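Trainee: There's a structure below that I have some questions on.
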Amino acid sequence: MKEFDYIIIGGGCAGLSLAYELEINEKLRNKTLAIIEPRAKYKKDKTWSFWKTTSHNFNDCVKKSWENFSIHIPQETNHLECINYPYQSVDSGLFYEKINNKLKENKNISIFKNISEINSENSFVFNSVPSIKENDHNLWQHFCGVEIETQNNFFDDEIFNLMDFNCDQRESVHFFYTLPYSKNKALIETTWLSKINDNSQKDYDIQIKNYIENNLNLRNYRIIYKEEGAIPLFYPSYKIEKNKINIGTAGGMTRLSTGYTFLNIQEHSKYICKNIENISKTKRFEISKKYQFLDNIFLKVLEKHPEKMPEIFFKMFKSPPKTIIKFLSNKSNFFEDLSIIFKMPKTTFIKALFY
Ligand SMILES: Cc1cc2nc3c(=O)[nH]c(=O)nc-3n(C[C@H](O)[C@H](O)[C@H](O)COP(=O)(O)OP(=O)(O)OC[C@H]3O[C@@H](n4cnc5c(N)ncnc54)[C@H](O)[C@@H]3O)c2cc1C
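Right, dumping it as structure tokens:
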């Protein structure tokens, strides 16, 4: 069976981002790479959005970018600007196409459906398939979004809505998220932060219909695309192995308080590429311990006091937008962290240290 210098398990966001980074930096000129991906055909299945706090390779896959956003809780709305760090939405369909076209040019890159088709004994492995054990206590961000098209111009496409808590909470944390791509097209997502075993929250189609018709007061529309998913708000388990690095969700690239993963994946890919010649001896890349610690407390509060979360999120965004965006994107300094921490209800958060 054929052997390869590198193997990437999973040709999704992290696997393809890494392969692309290695390819454009000519790290695969004299090295061979096998990508293991079971899907028969690539099609758009996700929209990755984030505040652009660092550069990435996929500006040409950005569907839309915004410099303004809003947060709603019942009776109150906050409008914020994000001119320094625009919010971008990457179309996964364009992303897959761009990368796969590039990778095809290099004969040293091969794609297989199953790892059993190759000899992996002497390869360095980058694994993006998470090992997730069933656990009733784990929190997830689970959601369903639909892209709709309206008959007439309806949306203000200059501003997106990050969170609208003006909806049924069902003793959990629930909000709607609206990304207006144009005046007559928008992605509308119902999002829950909760334990995934609770199927009572998965009547997504009804939630979205009610929101569109009753909150947005929109009747004439049609659904042109749908996406559904769940992001673990905990780190998948893995054992440290000398010839293996986990990447993507499997590699702990999700910011647990927000679910944002895309830009962390891009930074991880750049880090691996920079150190590829000495990768087995290089220090493992991770989201800084400071954020792991703060997110852990935040999630404890979320679990214990879901009813307080709309207010907590709203208060968080009372900080200057630049500060909060840097904090949520792992780019804040000590003083910025403090200014956010001081916005939080102190007793609730201090108590959470001891749960
Ligand atoms: C619907 C959705 C929307 C999201 N939106 C955002 C967002 O807006 N912003 C953000 O920052 N993050 C977002 N995320 C979180 C995160 O960015 C994505 O989940 C991202 O795709 C993670 O990349 P990944 O490579 O770890 O996983 P994936 O992209 O899921 O890739 C894993 C790959 O492994 C393959 N695979 C599965 N089993 C095997 C196997 N046994 N062997 C080999 N390959 C296998 C799969 O087919 C897949 O291609 C979203 C997640 C989902 C699910």
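Position one of the sequence shown corresponds to residue 83 (the working numbering), numbered consecutively onward. Yeah, the Cβ is synthetic: ideal placement off N, Cα and C, and Gly gets one too. Note that this is a predicted model, so its numbers are computed, not measured.
Where in the stretch 135-217 do unbroken runs of the alpha helix (DSSP H), each at least 4 residues long, occur, reported from the N-terminal end onward?
Mentor: For the stretch 135-217, whole alpha helix (DSSP H) runs of length 4 or above, ordered along the chain, are 174-186.
Trainee: Classify D142 as buried or exposed, calling it buried when 16 or more other Cβ atoms lie within 10 Å of its own Cβ.
Mentor: Locating residue 142 in the sequence shown gives position 60, where the first residue counts as 1. Exposed is the call here.
Trainee: Do F225 and K265 come within 7 Å of each other at the CB atom, strictly closer than that value?
Mentor: On the sequence shown, residue 265 is found 183 positions in, with the first residue counted as 1. On the sequence shown, residue 225 is found 143 positions in, with the first residue counted as 1. No; because the gap between Cβ atoms is not below 7 Å, this pair is not in contact.
Trainee: By DSSP's criteria, F242 is part of a beta bridge. Which residues make up the other side?
Mentor: Within the sequence shown, numbered from 1, the residue matching residue 242 stands at position 160. In the DSSP output, where bridge partners are listed per residue, F242 has F151.
Trainee: Taking all protein chains shown into account, decide if D246 is buried (16 or more other Cβ within 10 angstroms of its Cβ) or exposed.
Mentor: On the sequence shown, position 164 is the one that residue 246 refers to. Counting Cβ neighbours within 10 Å, D246 comes out buried, since at least 16 surround it.
Trainee: Terminal residues of the continuous alpha helix (DSSP H) containing Y353?
Mentor: Translated into the one-based positions of the sequence shown, residue 353 becomes position 271. First-last of the alpha helix (DSSP H) with Y353: 344-356.
Trainee: Within 10 angstroms of the Cβ of K386, are there 16 or more other Cβ atoms? Answer buried if so, exposed if not.
Mentor: Translated into positions along the sequence shown, residue 386 becomes position 304. That one is exposed.
Trainee: Could you spell out where the beta strand (DSSP E) holding L221 opens and where it closes?
Mentor: The sequence position of residue 221 within the sequence shown is 139, counting from 1. Start and end: 221-232.
Trainee: Considering only C-alpha positions, which residue in the set N412, N150, K145, K356 is nearest to D377?
Mentor: Translated into positions along the sequence shown, residue 377 becomes position 295. Nearest of N412, N150, K145, K356 to D377, Cα basis: N412.
Trainee: Comparing C-alpha positions only, which one of K371, F151, E179 sits nearest to G460?
Mentor: Any question about residue 460 goes unanswered here, given that the chain covers just 83 to 437.
Trainee: In the DSSP assignment, the alpha helix (DSSP H) including K397 goes from what residue to what residue?
Mentor: Stepping through the sequence shown from its first residue, residue 397 is reached at position 315. K397 -> alpha helix (DSSP H) spans 391-398.
Trainee: Quick check on DSSP: helix, strand or coil for S414?
Mentor: Counting from one through the sequence shown, the residue named residue 414 turns up at place 332. Coil at S414, not helix or strand.
Trainee: Please go through the same chain and pick out, in chain order, the residues whose beta-carbon is closer than 7 Å to the beta-carbon of K214, but skip the five residues on each side of it.
Mentor: By one-based count along the sequence shown, residue 214 stands at place 132. Checking the displayed sequence, the identity of residue 214 turns out to be Ile instead of Lys. Spatial neighbours of I214 in its own chain (CB-CB distance under 7 Å, excluding positions within 5 residues in sequence) are listed in chain order as P314, P318.
Trainee: Use the C-beta contact count for S276: other C-beta atoms within 10 angstroms, 16 or more gives buried, fewer gives exposed.
Mentor: Walking along the sequence shown from the start, residue 276 turns up at place 194. Using a 10 angstroms sphere on the CB of S276, the tally of other CB atoms reaches 16 or more, which defines it as buried.
Trainee: Looking only at its chain, what residues have a beta carbon closer than 8 Å to the beta carbon of S205, apart from the 5 residues adjacent to it on each side?
Mentor: Looking up residue 205 in the sequence shown gives position 123. Only E85, F86, D87, Y88, I89, A116, N325 meet the Cβ criterion.
Trainee: CA-CA distance, R121 and E323?
Mentor: Against the sequence shown, residue 121 aligns to sequence position 39. Against the sequence shown, residue 323 aligns to sequence position 241. CA-CA distance, R121 to E323, rounds to 27 Å.
Trainee: Is L110 closer than 7 Å to S351 when the C-beta atoms are compared?
Mentor: Position 269 of the sequence shown holds residue 351. Position 28 of the sequence shown holds residue 110. The answer is no: Cβ separation not under 7 Å.
Trainee: What's the gap between the Cα of S282 and the Cα of N201?
Mentor: Position 200 of the sequence shown, counted from the start, is the residue given in the question as residue 282. Position 119 of the sequence shown, counted from the start, is the residue given in the question as residue 201. Using only the alpha carbons, I get a separation of about 45 Å.
Trainee: Is any heavy atom of ligand 1 found at a distance shorter than 6 Å from the C-beta of S131?
Mentor: The sequence position of residue 131 within the sequence shown is 49, counting from 1. Indeed, a heavy atom of ligand 1 lies less than 6 Å from the Cβ.
Trainee: Taking a contact to mean a Cβ-Cβ separation below 7 Å, would you say A96 touches I347 in this structure?
Mentor: Position 14 of the sequence shown, counting from 1, holds the residue named residue 96. Position 265 of the sequence shown, counting from 1, holds the residue named residue 347. Yes, the pair counts as a contact, with Cβ atoms nearer than the cut-off.
Trainee: Consider the C-beta atom of T114 and the heavy atoms of ligand 1; say whether any pair is separated by less than 6 Å.
Mentor: Numbered from 1 along the sequence shown, position 32 holds the residue referred to as residue 114. False, no ligand heavy atom lies under 6 Å from that Cβ.
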